[in-house]
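Residue numbers for the sequence shown follow my numbering, beginning at 141 and rising by one. In this text, a Cβ means the ideal position worked out from N, Cα and C, and glycines have one as well. This one's a predicted model, so the numbers in the text were calculated from it and none came from an experiment. Right, one structure below, let's go through it.
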Amino acid sequence: KRVDKVIDKVSGVTTRYGGKIMRQFKPMRRWLWFRWHGTILEHAWKASLLNMVVSVGFAACIRHFIKPSWSIGMIPDKENLVIKRLLGLNKLWNYQ
141 KRVDKVIDKV
151 SGVTTRYGGK
161 IMRQFKPMRR
171 WLWFRWHGTI
181 LEHAWKASLL
191 NMVVSVGFAA
201 CIRHFIKPSW
211 SIGMIPDKEN
221 LVIKRLLGLN
231 KLWNYQ
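In structure tokens:
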């Protein structure tokens with residue numbers, strides 16, 4: 141019985157503790173889509189947005205300064221000097 145009391149308290153059973161330890165899950169789609177607080181998105185959106193902005197900025201700089209011969213979304217020319225320098229980074233990235 142003592143173990144049951146501890147489990148009830150940790151799980152935040154609504155009838156005994158008002159769900160103050162853990163919020164109760166409500167299986168309604170509308171309720172779930174509007175939750176923001178306490179989600180991983182609330183904590184990670186700034187870092188994700190920064191990574192996207194840096195990536196787009198890097199790609200824009202490459203397109204502006206080296207005038208590539210390949211179109212957007214295509215595989216870059218390995219003979220390009222900038223791409224040759226980035227191939228080492230590509231090998232490091234793919235090394236697992």
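How about Val-193 and Ile-206: are their beta carbons less than 7 Å apart?
Not in contact: Val-193 and Ile-206 (Cβ atoms no closer than 7 Å).
What did DSSP end up calling Lys-231 once you bin it into helix, strand or coil?
Helix at Lys-231.
Is Ser-188 helix, strand or coil by DSSP?
helix
Look up Trp-210 in the DSSP assignment and say whether it is helix, strand or coil.
In the structure shown, the three-state DSSP call for Trp-210 is coil.
Is DSSP giving Arg-175 helix, strand or coil here?
coil
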